[in-house]
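Before any comments, here is the structure.
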Amino acid sequence: MSDYGVKPTGWARKPLSVILAETEAAMITEFGPDVIQTAQSPLGQINGLFANLAAQVEELAEDVYHSYDPDQAEGLRLDALARIRQIARNGRGDPAMRKAITNEGVARVDLADILAAVRSVDGVTYAAVYTNETNLRDDNGLDPGSVAIVVIGGDDEAIAYEFRQFIAPGTIMFGTTYISTTRDGLCRSIAIVRPIVVPVDLSISVRVRKDINGCPPPATADIGAAFLADWAENNANGKDVNAYNIRALVEGRFSNVEVVSVLSSRDNNPETASSAIAFIEISEISQVEITVL
Numbered sequence: 000m001s002d003y004g005v006k007p008t009g010w011a012r013k014p015l016s017v018i019l020a021e022t023e024a025a026m027i028t029e030f031g032p033d034v035i036q037t038a039q040s041p042l043g044q045i046n047g048l049f050a051n052l053a054a055q056v057e058e059l060a061e062d063v064y065h066s067y068d069p070d071q072a073e074g075l076r077l078d079a080l081a082r083i084r085q086i087a088r089n090g091r092g093d094p095a096m097r098k099a100i101t102n103e104g105v106a107r108v109d110l111a112d113i114l115a116a117v118r119s120v121d122g123v124t125y126a127a128v129y130t131n132e133t134n135l136r137d138d139n140g141l142d143p144g145s146v147a148i149v150v151i152g153g154d155d156e157a158i159a160y161e162f163r164q165f166i167a168p169g170t171i172m173f174g175t176t177y178i179s180t181t182r183d184g185l186c187r188s189i190a191i192v193r194p195i196v197v198p199v200d201l202s203i204s205v206r207v208r209k210d211i212n213g214c215p216p217p218a219t220a221d222i223g224a225a226f227l228a229d230w231a232e233n234n235a236n237g238k239d240v241n242a243y244n245i246r247a248l249v250e251g252r253f254s255n256v257e258v259v260s261v262l263s264s265r266d267n268n269p270e271t272a273s274s275a276i277a278f279i280e281i282s283e284i285s286q287v288e289i290t291v292l
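Under numbering that gives the first Met the number 0, the first residue of the sequence shown is numbered 0, with each subsequent residue one higher.
See below:
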């Protein structure tokens with residue numbers, strides 16, 4: 000692969016000296032080692048002319064490459080980039096057009112953008128965003144027109160700084176932790192939910208059998224390990240530890256394993272068929288007992 004052209008770091012231009020050296024090497028390959036191509040020789044001058052023309056093509060290719068960057072494109076090329084996003088110039092100069100194309104200074108309020116911004120904070124291991132767009136308080140306890148961001152890990156101020164740019168002033172925020180932030184000299188109080196981690200003891204009774212292809216069922220240790228991994232990956236605040244959620248994971252992974260019953264316990268309470276997890280809580284299952292009936 001060539002060391003020049005389009006690279007992960009951008010455009011790598013081939014120097015004139017390299018082009019000339021490659022041209023001279025090609026001449027030796029074609030005509031032999033005794034070919035005369037000094038700077039004063041006819042072939043040497045042809046080599047120099049060719050190398051200069053090739054270098055100009057390299058410069059042109061680099062210009063074309065950079066013309067796809069809104070920060071470097073100008074004039075009609077910038078208009079062409081704007082049309083991709085259906086943006087008209089409407090009398091704007093190039094600097095204003097660049098801002099319009101790149102959304103500079105414009106906050107995005109899609110839920111996916113909020114999550115991406117919060118998850119980019121160092122140390123964040125879990126993040127979820129919830130909104131209530133109805134006119135009634137919802138099952139999570141969110142008032143109408145409110146938003147909540149649930150976060151585990153990361154620095155409070157860094158999270159609030161990222162969250163703040165997506166929340167218009169006056170928006171109702173639901174949270175358990177309030178953080179004072181300053182942006183462009185203006186102060187706001189941002190609410191986030193720091194969920195309470197609830198350890199849960201769990202035992203699952205299952206029936207096992209050969210699958211449709213005659214393969215034997217997995218060992219209990221494998222069932223337990225797979226469940227713990229799947230639960231950790233799919234866990235969320237407010238997700239109850241109950242038969243429905245557990246069956247979805249176990250039976251969804253193993254076609255020859257049937258969940259018969261589930262017993263769980265939180266806060267050292269007696270075992271029950273379900274452990275309710277509140278919106279401001281998140282379960283933690285570190286081990287599970289699998290019993291084959």
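All C-beta atoms, glycine included, are put in the ideal place defined by N, C-alpha and C.
In this text the structure is predicted, and so the values were computed from the model without any measurement.
With which residues is residue i paired in a DSSP beta bridge?
{"i": "residue 200", "result": "264"}
{"i": "residue 257", "result": "206"}
{"i": "residue 127", "result": "149"}
{"i": "residue 274", "result": "240"}
What are the boundary residues of the beta strand (DSSP E) that includes residue i?
{"i": "residue 235", "result": "Where residue 235 is concerned, there is no enclosing beta strand (DSSP E), given that its DSSP letter is neither H nor E."}
{"i": "residue 289", "result": "287–291"}
{"i": "residue 281", "result": "280–283"}
{"i": "residue 5", "result": "4–6"}
{"i": "residue 251", "result": "Segment 242–252 is the alpha helix (DSSP H) holding residue 251; no beta strand (DSSP E) there."}
{"i": "residue 11", "result": "9–11"}
Below 8 Å CB to CB, which residues in the same chain sit around residue i once its five sequence neighbours on both sides are set aside?
{"i": "residue 161", "result": "116, 117, 119, 120"}
{"i": "residue 206", "result": "256, 257, 259, 291, 292"}
{"i": "residue 56", "result": "none"}
{"i": "residue 91", "result": "99"}
{"i": "residue 46", "result": "19, 22, 23, 26, 36"}
{"i": "residue 182", "result": "160, 163, 164"}
Excluding five sequence neighbours on each side, which residues of the same chain lie with their C-beta closer than 6 Å to the C-beta of residue i?
{"i": "residue 230", "result": "284"}
{"i": "residue 58", "result": "none"}
{"i": "residue 153", "result": "120, 122, 123"}
{"i": "residue 3", "result": "11, 13"}
{"i": "residue 225", "result": "252"}
Determine the contact status of residue i and residue j, defining contact as a CB-CB distance below 7 Å.
{"i": "residue 280", "j": "residue 194", "result": "yes"}
{"i": "residue 101", "j": "residue 69", "result": "yes"}
{"i": "residue 180", "j": "residue 166", "result": "no"}
{"i": "residue 191", "j": "residue 169", "result": "no"}
{"i": "residue 110", "j": "residue 54", "result": "no"}
{"i": "residue 146", "j": "residue 133", "result": "no"}
Once you ignore the five residues that flank residue i on each side, which residues in its own chain have a CB closer than 7 Å to its CB?
{"i": "residue 66", "result": "72, 76"}
{"i": "residue 127", "result": "149, 235, 236"}
{"i": "residue 196", "result": "281, 283"}
{"i": "residue 49", "result": "22"}
{"i": "residue 114", "result": "126, 128"}
In terms of residue numbering, what span does the alpha helix (DSSP H) encompassing residue i cover?
{"i": "residue 63", "result": "41–65"}
{"i": "residue 110", "result": "110–118"}
Continuous beta strand (DSSP E) assignments of at least 3 residues falling wholly in the stretch 72–97
none
Enumerated in chain order, which unbroken segments of the alpha helix (DSSP H) with a length of 4 residues or greater are wholly contained in the stretch 14–38?
If we require 4 residues or more, the alpha helix (DSSP H) runs fully inside the stretch 14–38 come out as 15–30.
Start-end ranges of the beta strand (DSSP E) lying completely within the stretch 139–226, minimum 3 residues:
145–151, 171–173, 176–182, 185–191, 195–207
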